[in-house]
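These notes concern the structure reproduced below.
Protein chains: 2
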Amino acid sequence: MSDITRVALDAMGGDNAPAEIVKGAVRAVQQRKDIQILLTGQESVLEKELAQYSYPGEQIRIVNATEVIETAEPPVKAIRVKKDSSIVVAMKMVRNGDADAFVSAGSTGAVLVGGQVLVGRIKGVERPPLAPLLPTLKGVSLLIDCGANVDARPSHLVQFARMGSIYMESIVGKKNPTVGIVNIGAEEEKGNALVKETFPLLKECSDINFVGSVEAREIPYGDVDVIVCEAFVGNVILKLYEGVGGALMKKVKQGMMSSLRSKIGALLVKPALKATLKDFDASEYGGAPLLGLKGLVVKTHGSSTSTEVCNSIIQCVTFKEQKINEKIKDAILKTQETEKNENG
Amino acid sequence: MSDITRVALDAMGGDNAPAEIVKGAVRAVQQRKDIQILLTGQESVLEKELAQYSYPGEQIRIVNATEVIETAEPPVKAIRVKKDSSIVVAMKMVRNGDADAFVSAGSTGAVLVGGQVLVGRIKGVERPPLAPLLPTLKGVSLLIDCGANVDARPSHLVQFARMGSIYMESIVGKKNPTVGIVNIGAEEEKGNALVKETFPLLKECSDINFVGSVEAREIPYGDVDVIVCEAFVGNVILKLYEGVGGALMKKVKQGMMSSLRSKIGALLVKPALKATLKDFDASEYGGAPLLGLKGLVVKTHGSSTSTEVCNSIIQCVTFKEQKINEKIKDAILKTQETEKNENG
Numbered sequence: 000m001s002d003i004t005r006v007a008l009d010a011m012g013g014d015n016a017p018a019e020i021v022k023g024a025v026r027a028v029q030q031r032k033d034i035q036i037l038l039t040g041q042e043s044v045l046e047k048e049l050a051q052y053s054y055p056g057e058q059i060r061i062v063n064a065t066e067v068i069e070t071a072e073p074p075v076k077a078i079r080v081k082k083d084s085s086i087v088v089a090m091k092m093v094r095n096g097d098a099d100a101f102v103s104a105g106s107t108g109a110v111l112v113g114g115q116v117l118v119g120r121i122k123g124v125e126r127p128p129l130a131p132l133l134p135t136l137k138g139v140s141l142l143i144d145c146g147a148n149v150d151a152r153p154s155h156l157v158q159f160a161r162m163g164s165i166y167m168e169s170i171v172g173k174k175n176p177t178v179g180i181v182n183i184g185a186e187e188e189k190g191n192a193l194v195k196e197t198f199p200l201l202k203e204c205s206d207i208n209f210v211g212s213v214e215a216r217e218i219p220y221g222d223v224d225v226i227v228c229e230a231f232v233g234n235v236i237l238k239l240y241e242g243v244g245g246a247l248m249k250k251v252k253q254g255m256m257s258s259l260r261s262k263i264g265a266l267l268v269k270p271a272l273k274a275t276l277k278d279f280d281a282s283e284y285g286g287a288p289l290l291g292l293k294g295l296v297v298k299t300h301g302s303s304t305s306t307e308v309c310n311s312i313i314q315c316v317t318f319k320e321q322k323i324n325e326k327i328k329d330a331i332l333k334t335q336e337t338e339k340n341e342n343g
Numbered sequence: 000m001s002d003i004t005r006v007a008l009d010a011m012g013g014d015n016a017p018a019e020i021v022k023g024a025v026r027a028v029q030q031r032k033d034i035q036i037l038l039t040g041q042e043s044v045l046e047k048e049l050a051q052y053s054y055p056g057e058q059i060r061i062v063n064a065t066e067v068i069e070t071a072e073p074p075v076k077a078i079r080v081k082k083d084s085s086i087v088v089a090m091k092m093v094r095n096g097d098a099d100a101f102v103s104a105g106s107t108g109a110v111l112v113g114g115q116v117l118v119g120r121i122k123g124v125e126r127p128p129l130a131p132l133l134p135t136l137k138g139v140s141l142l143i144d145c146g147a148n149v150d151a152r153p154s155h156l157v158q159f160a161r162m163g164s165i166y167m168e169s170i171v172g173k174k175n176p177t178v179g180i181v182n183i184g185a186e187e188e189k190g191n192a193l194v195k196e197t198f199p200l201l202k203e204c205s206d207i208n209f210v211g212s213v214e215a216r217e218i219p220y221g222d223v224d225v226i227v228c229e230a231f232v233g234n235v236i237l238k239l240y241e242g243v244g245g246a247l248m249k250k251v252k253q254g255m256m257s258s259l260r261s262k263i264g265a266l267l268v269k270p271a272l273k274a275t276l277k278d279f280d281a282s283e284y285g286g287a288p289l290l291g292l293k294g295l296v297v298k299t300h301g302s303s304t305s306t307e308v309c310n311s312i313i314q315c316v317t318f319k320e321q322k323i324n325e326k327i328k329d330a331i332l333k334t335q336e337t338e339k340n341e342n343g
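So the sequences go chain by chain: S and B.
Numbering-wise (numbering that gives the first Met the number 0), the first sequence opens with residue 0 and increments by one.
Numbering-wise (numbering that gives the first Met the number 0), the second sequence opens with residue 0 and increments by one.
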């Protein structure tokens with residue numbers, strides 16, 4: 000295997016495309032020699048953007064794609080119809096082995112649909128979950144699933160728990176990570192129908208370190224490593240994390256500007272505060288992988304700037320080195336064999 | 000009708016019972032002459048607690064109840080078996096008209112079950128929602144439902160929207176309040192099965208000001224007044240609000256203590272910051288009412304101190320004055336008549 004990680008990058012997706020995406024690509028290759036970027040999008044536009052920077056030219060190649068999938072487009076149709084879009088062209092490169100990974104700040108729906116339809120699921124994986132890292136007081140936890148797999152079934156959540164554990168151990172380096180299911184109380188009999196059905200299944204899994212229910216209040220304190228939930232709840236958690244954090248910081252700044260005394264104080268606390276709060280900013284942790292696919296697919300935030308794009312690209316090297324998808328493949332295969340043996 | 004609001008107060012429920020509950024009752028009657036408190040719980044214990052304070056004696060009366068329902072107890076059984084518990088005794092007073100309202104910091108499950116079984120639903124109300132106020136950058140929004148009604152149906156959510164609108168208009172004083180449904184995207188076709196089914200029903204309601212989907216990220220900014228969701232999601236929102244807020248403030252404090260410079264700054268910003276953050280503390284807004292019942296039932300946070308207990312008691316006066324449950328009764332009745340006429 001080559002030591003170069005080839006990343007197909009959707010240059011046209013996201014609120015700040017193509018400027019920040021291209022800038023992120025340039026920053027990544029300026030930092031790392033072991034990355035090659037295949038920038039998909041409208042050639043003339045991308046050439047103009049790239050012309051602003053000096054960087055090792057052989058590490059970025061433009062792959063022309065004339066169409067753009069917008070965030071509001073129905074994803075299934077968009078993937079089928081816009082065959083020459085930056086997302087479809089890039090994903091096909093992953094499928095054909097011309098790229099090791101795909102990174103996009105574009106339409107989440109299109110990335111999820113494309114991941115399943117174009118890249119394809121690992122055999123035995125029922126639904127590929129989108130799994131971002133959440134900052135906590137103790138470091139990071141993995142939130143799985145935040146994708147479009149709403150109305151999931153208990154068997155899906157059990158697979159999420161397995162895939163999430165592999166991710167936390169391989170990528171984040173957490174040995175024997177704890178797994179919790181998002182619930183509205185600590186007791187096993189609490190919850191909605193999905194949680195009540197899933198709980199005993201997770202308890203039975205010998206290959207994960209299941210610790211029971213986790214209430215939303217506890218998540219930011221970081222006592223549980225893998226936070227399992229269905230996508231609707233996961234999306235609410237991810238977005239509210241961002242919303243409460245942002246609103247509270249706005250409030251803190253307003254409070255600091257309310258008197259002369261506090262304004263002087265604000266000048267003195269600012270540098271320390273900025274450094275501390277950086278740890279609590281989800282965008283510092285790169286993109287969220289769509290796990291359980293036959294290739295690496297990473298979704299970064301729609302509002303990503305060059306920093307997040309660069310981090311997401313560099314993250315792909317670790318994903319490739321750690322063979323995350325092969326580990327998932329092995330784990331799913333092993334579970335299926337065990338189940339087959341148990342059923343006779 | 001008497002000008003006195005009679006509040007049956009569960010003196011034995013909550014993490015800080017009975018000390019903080021009794022103290023909250025004393026604070027309430029010290030502030031208001033128009034409240035009478037019926038303190039339910041173990042007589043000897045409550046007498047000892049009350050003996051510490053001086054207050055207008057005629058405004059607090061102990062009603063002996065020998066049993067206590069613990070938070071971890073299965074609520075349906077607890078309500079049935081523990082007939083002499085502080086919750087059951089107090090709720091029966093509301094049912095019999097001996098009290099205007101019930102306030103408890105105890106088991107949420109027992110309060111919800113007791114509300115339905117002992118106090119009873121208003122005719123036509125399918126499920127009574129628990130509706131706390133959330134602090135936002137613009138004031139407060141109502142989150143409805145945060146109760147035990149998980150796996151709700153679309154018709155329940157439509158009633159929540161109606162009851163929430165009445166609450167925001169009558170109690171908070173917001174004219175023609177906006178209503179949004181919690182969703183994972185702005186578009187109508189996004190969401191899980193429940194949201195997709197509920198969305199068109201809400202659009203059809205002529206008696207509410209429905210503005211469409213609200214993403215969790217937007218909630219803290221306060222652009223939508225009534226946030227409709229089923230109880231599992233509502234509970235996650237409420238608890239995460241608290242969790243992210245608490246964790247972030249811990250982080251801010253750590254950051255401020257990290258250098259001598261920032262420590263000096265912290266001293267200067269502290270008073271201003273404290274005042275601002277008080278606005279963003281959910282406990283300042285009293286308890287959450289269980290709407291749609293034949294009496295007033297208010298649940299305060301399990302960790303309530305005397306401040307929250309006192310606020311929740313005083314809130315009952317407004318609930319009574321505004322005849323919140325009668326307005327809900329009228330609205331539900333009107334809807335049923337309209338539906339009857341439409342169906343021929």
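Virtual Cβ for every residue (Gly too), placed ideally from N, Cα, C.
Predicted model only: the values in this text are computed from it and were never measured.
Residues near residue 201 of chain S by beta carbon distance below 8 Å, same chain, minus five either side: Correct list, in chain order: 156, 157, 160, 178, 180, 207, 209 and 227.
Exposed unless 16 or more other CB atoms sit within 10 angstroms - verdict on residue 342 of chain S: Residue 342 of chain S is classed as exposed because its beta carbon has fewer than 16 other beta carbons within 10 Å across all chains shown.
Residue 86 of chain S in three-state terms, based on DSSP: Helix, per DSSP.
Residue 191 of chain S to residue 198 of chain S span [Cα, whole Å]: Using only the alpha carbons, I get a separation of about 11 Å.
Reference residue 222 of chain B, options B:106, B:142 and B:58, closest by Cα: Answer by Cα proximity: B:142.
N- and C-terminal bounds of the alpha helix (DSSP H) containing residue 51 of chain S: Neither: residue 51 of chain S is in no alpha helix (DSSP H) and is coded neither H nor E.
Where residue 0 of chain B falls, given that 16 or more other Cβ within 10 Å makes a residue buried: The pLDDT assigned to residue 0 of chain B is 48, lower than 50, so where the model puts this residue is not dependable; a value taken from the coordinates is nonetheless given after this. Exposed, by the Cβ-count rule.
For residue 154 of chain S and residue 288 of chain B, the rounded distance between their alpha carbons: Going from the Cα of residue 288 of chain B to the Cα of residue 154 of chain S covers about 37 Å.
Short CB-CB distance (under 8 Å) between residue 33 of chain B and chain S: Judged by the 8 Å Cβ criterion, residue 33 of chain B is not in contact with chain S.
From S:65, S:168, S:225 and S:136, residue whose alpha carbon lies closest to that of residue 278 of chain S: Of S:65, S:168, S:225 and S:136, the residue nearest in Cα terms is S:136.
Residue range of the beta strand (DSSP E) that includes residue 140 of chain S: Residue range 138-143 is occupied by the beta strand (DSSP E) that includes residue 140 of chain S.
Per-residue contacts from residue 240 of chain B into chain S (C-beta, under 8 Å): Correct list: 239 and 243.
Cβ-based burial, residue 80 of chain B [other Cβ within 10 Å; buried from 16]: By the 10 Å Cβ count, residue 80 of chain B comes out exposed.
Per-residue contacts from residue 251 of chain S into chain B (C-beta, under 8 Å): Within chain B, the residues near residue 251 of chain S are 251, 272, 275 and 276.
Neighbour list for residue 126 of chain B in chain S, Cβ cutoff strictly below 9 Å: By Cβ distance, chain S contributes nothing, its closest Cβ being about 14 Å from residue 126 of chain B, past 9 Å.
Assigned exposure category for residue 274 of chain S - 16 Cβ within 10 Å defines buried: The residue is exposed, with fewer than 16 neighbouring Cβ atoms inside 10 Å.
Residue 269 of chain B: CB within 7 Å of a non-hydrogen atom of the ligand ATP: Of ligands this structure carries none, so the ligand ATP is not represented either.
Any 3 or more C-beta pairs closer than 8 Å across the region 323-335 of chain B and the region 288-306 of chain B: Touching, yes, given that three or more Cβ pairs across the two stretches are closer than 8 Å.
Residues near residue 63 of chain S in its chain [Cβ-Cβ closer than 6 Å; skip 5 each side]: Once the five neighbours on either side are set aside, the close Cβ partners of residue 63 of chain S are 42.
Supposed close pair residue 212 of chain S, residue 184 of chain S - CB separation, criterion 8 Å: Right, the Cβ-Cβ distance comes to about 7 Å (below 8 Å), so this counts as a contact.
Start and end residues, beta strand (DSSP E) containing residue 179 of chain B: Per DSSP, residue 179 of chain B belongs to the beta strand (DSSP E) from 177-182.
Own chain, CB closer than 6 Å to residue 58 of chain B, minus 5 neighbours either side, in chain order: Excluding sequence neighbours, residue 58 of chain B sits near 28 and 35.
Beta-carbon gap between residue 344 of chain S and residue 144 of chain S smaller than 8 Å: Examination of residue 344 of chain S is not possible in this model, given that chain S is present from 0 through 343 alone.
Euclidean distance between Cα positions of residue 261 of chain B and residue 264 of chain S: Approximately 8 Å, taken between the alpha carbons.
Buried or exposed by the 16-neighbour rule on C-beta atoms within 10 Å, applied to residue 214 of chain B: So residue 214 of chain B ends up on the buried side.
Distance, residue 69 of chain B Cα to residue 89 of chain B Cα: Roughly 16 Å separates the two Cα atoms.
Contacts that residue 263 of chain B makes with chain S (C-beta to C-beta distance below 7 Å): In chain order: 267.
Residue 200 of chain B: contacting residues in chain S (beta-carbon distance under 9 Å): Neighbours of residue 200 of chain B on chain S: none; closest Cβ ~18 Å, over 9 Å.
Straight-line gap, residue 86 of chain B to residue 140 of chain S (C-alpha atoms, nearest Å): Per the coordinates, the alpha-carbon of residue 86 of chain B lies some 39 Å from the alpha-carbon of residue 140 of chain S.
Residues within the region 100-133 of chain S neighbouring chain B, beta-carbon criterion of under 7 Å: Within the region 100-133 of chain S, no residue has its Cβ closer than 7 Å to any Cβ of chain B.
For residue 212 of chain B: DSSP bridge partner residues: DSSP output for residue 212 of chain B lists B:180 as bridge partner(s).
Own chain partners of residue 54 of chain B with C-beta closer than 8 Å, once the 5 adjacent residues on each side are dropped: Once the five neighbours on either side are set aside, the close Cβ partners of residue 54 of chain B are 25, 28 and 29.
Reduced DSSP secondary structure (H/G/I, E/B, other) of residue 67 of chain B: The answer is coil: DSSP assigns residue 67 of chain B none of H, G, I, E or B.
Strand pairing of residue 120 of chain S, partner residues [DSSP]: Residue 120 of chain S is bridged to S:292.
Interface positions of the region 42-55 of chain S facing chain B (Cβ-Cβ less than 7 Å), listed along the chain: Hits within the stretch: zero.
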